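If you read the sequence shown in our numbering, its first letter stands for residue 245, the second for the next number, and so on.
Down below is the structure, laid out as structure tokens.
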Amino acid sequence: MPDPTASTLLIQGGRVLDAATRSAPFTDLLVEHGVITRMGPPGLPAPPTAEVVDASGHLLHAGLVNGHTHGGTNFVKGTHDRWSLELLLNGAPGWSANFSMAHKMLATRIGAVEMLQKGCTTCYDLSFGFPLVTVDELFAIGQTYVDAGMRAVVAPMLQDISFYSAIPGLYDALPADLRERLNTAPGDTAWILSQMEEALSNWPHDKTQVRLGIAPTIPLHCSDELTRGCARLATKYGAPMQSHVAESKVQAVAALQRWGHSLTAHFESLGMLGPEFTVAHGVWLDDDDLRRLAAHGASVAHNPGSNMRLGAGIAPARRMLELGVNLAIGTDGALCADNQNMYEAMRYASMASNVRTPDFNTWLTAPEVYTAATAGGARATGFERTGRIAVGQQADLVFIDLNTINWIPMNDPVNQLVLAEEGTSVRHVMVGGRWVVQGGAHLGTDLKQLATDAAQAAAHLTHANAEGRYLADALEAAVGSFCIGLCRSPFHLHRYGGPPGL
Ligand SMILES: [Zn+2]
């Protein structure tokens, strides 16, 4: 089969988004071996062998980067209403067990197809961790992204402390007959790290397309030994790391109770912070935390939709930028997103910033939001030659049909992309010069077959996880009321939409 990226493409007649100048000048692009090698006004000279792509009537923007998601959750989108983060974690045994390798690949594929169809060409996927995944299954999850034609960081979520043991006082607050049925034994730290190292040292995929990362999932869920081990492996293998840091007030308060300092200070003391480290959420970070992240060149993946969905609060995105933290944007997984729509995530990021203050001078601008969702995400994922349309960059391009209702008429293109587009105008998508979506359809995917396979898998897993779901449901009231109580603790930050003190 000929290598599709080996051909030379002349993309002509399109308008290329320039967010900084809020314009979209007519620009031709020459793409060679998947890389943009020349750009210029209409009439760009090209080799006679170049294949011409007619982009007239289209706006081209850089492929969006989903800075935080969970590919394993795509069977359970929309299954829960009124869930906080802690209820979600309590509920995990009700959906996350008993996945075969085929289930893991299928769940991942559903998310990849959705993201690509909605203009997202790269994601940071916090996937199943050991012992819920094997090394071979991680390779298969990586292969799923290769086959879908998407870039990804696949980072297994690691923990050796159970959710019920991670929050001081929670286990003791549960009804005695129910808590005895929970498995709260610590994980085998050395074994988890040995599996992670085996996966890192044998990763079979092209790292310019799919990288293996490490995700010590929540600082409170990781022993110091596990966290230090992750940092050591990340340095040894040049692997990116991501963790859910200060996503909820419960976490921020519990950190002070356990360690006497913040989650970020704790991670810094264990060698976790660096340019390859990304905080997911960061809702309850203060200026001291943000300065520590900025000093290490770290990133935050801001998930405004998930944070609102789970009632976690509104993250201080403007302050992150002011203090020099690299800002990316994510949807989060389908349990709490529930879709994988980066246009929606951008719109949420814009509006969530506005409701924090009447001072519009501090609101995120549309160019800032777009930059976070593209170049900011590219930096966080480590795919540095993506996230911008420029000479020398990979041709990860989204073709927006300007003859759709979102763009009639086209006024300010970056405002319209962030505030009006919701994915329905995406016509074509290419990753590294290779077509992955044409005419709105993902190439190589039969959606009817995907639906049949997903329905079968969901039915099987619903049945197989019935007991875990029963126990989680029985615990929900106790977990919920304990955590609401913890959220009433005095804390020096307020991130909720309602008044202080709940
Ligand atoms: Zn998450």
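The beta carbon of each residue, even a glycine, is placed where N, CA and C say it ideally should be.
Only a predicted model underlies this, so the values are computations on that prediction, with no experimental measurement involved.
Burial state of Leu-691 is exposed, judged by a 10 Å Cβ sphere holding fewer than 16 other Cβ atoms.
The beta carbon of Leu-370 sits closer than 6 Å to those of His-314, Ala-399, Met-401 and Ala-459, all from its chain and outside the five residues before and after it, given in chain order.
The stretch 433-445 makes no contact with the stretch 489-500; the number of CB pairs closer than 8 Å stays below 3.
Here Leu-705 really is in contact with Trp-339; their C-beta atoms are around 7 Å apart, less than 8 Å.
In this structure, DSSP gives Tyr-408 a helical state, which the three-state scheme calls helix. Taking the Cβ atoms as the reference, Thr-625 lies roughly 12 Å from Asp-640, outside the contact range of under 8 Å. Pairwise C-beta distances place the stretch 558-572 out of contact with the stretch 277-297, as fewer than three of them are shorter than 8 Å.
Beta-bridge partners assigned by DSSP to Gln-584: none are found. In the three-state scheme derived from DSSP, where H, G and I count as helix and E and B as strand, Leu-254 is classed as strand. Out of Ala-716, Arg-353 and Lys-362, the CA that lies nearest to the CA of Gln-693 is found in Arg-353.
Excluding the 5 residues flanking it on each side, Asp-656 has same chain C-beta neighbours closer than 7 Å at Arg-266, in chain order. Ala-478 places its beta carbon less than 7 Å from that of Met-485.
Between the stretch 299-319 and the stretch 657-676 there are three or more inter-stretch CB-CB distances shorter than 8 Å, so the stretches are counted as touching.
For Arg-423, the uninterrupted alpha helix (DSSP H) run begins and ends at 420-423, by DSSP. In the displayed model, Met-595 falls within a helix according to three-state DSSP.
Burial check for Glu-295: the Cβ neighbour count within 10 Å stays below 16, so the residue is exposed. CA-to-CA, the gap between Gly-555 and Ala-589 works out to about 16 Å. In summary, Glu-330 is buried, with 16 or more beta-carbon neighbours lying within 10 Å of its beta-carbon over all protein chains present. Here the alpha carbon of Pro-734 sits roughly 41 Å from the alpha carbon of Val-658. At least one heavy atom of ligand 1 falls within 6 Å of the beta-carbon of Asp-576.
Under DSSP, Val-297 forms a beta bridge with Ile-255. Using a 10 angstroms sphere on the CB of Ile-385, the tally of other CB atoms reaches 16 or more, which defines it as buried. In the structure shown, Gln-403 falls within a coil segment according to DSSP collapsed to helix, strand and coil. Nearest Cα to Ala-545 within the set Asn-551, Val-523 and Asp-530: Val-523. Taking the Cα of Gly-363 as reference, the smallest distance to any Cα among Ala-722, Gly-684, Lys-348 and Leu-730 is reached at Gly-684.
In the three-state reduction of the DSSP assignment, Thr-479 falls in the helix class, which pools H, G and I.
For the options Val-390, His-449, Val-662 and Pro-375, the alpha carbon positioned closest to that of Met-440 is the one of Pro-375.
When DSSP reads this structure, Phe-521 sits in a beta bridge with Met-485. Looking at the DSSP output, Ile-436 shares a beta bridge with no other residue. The Cβ atoms of Val-454 and Val-390 sit closer than 7 Å to each other. When the alpha-carbon of Leu-261 is set against those of Arg-632, Tyr-368, Gly-712 and Thr-606, the nearest one is in Arg-632. If you draw a straight line from the Cα of Leu-507 to the Cα of Arg-476, it comes to about 19 Å. Between Gly-526 and Leu-571, the alpha-carbon positions lie close to 11 Å from each other. Within a 10 Å sphere around the beta-carbon of Lys-480 sit fewer than 16 other beta-carbons, which makes this residue exposed. Contact between Gln-403 and His-465 holds, since their C-beta atoms are separated by about 4 Å, short of 8 Å. Looking at the DSSP output, Tyr-614 shares a beta bridge with no other residue.
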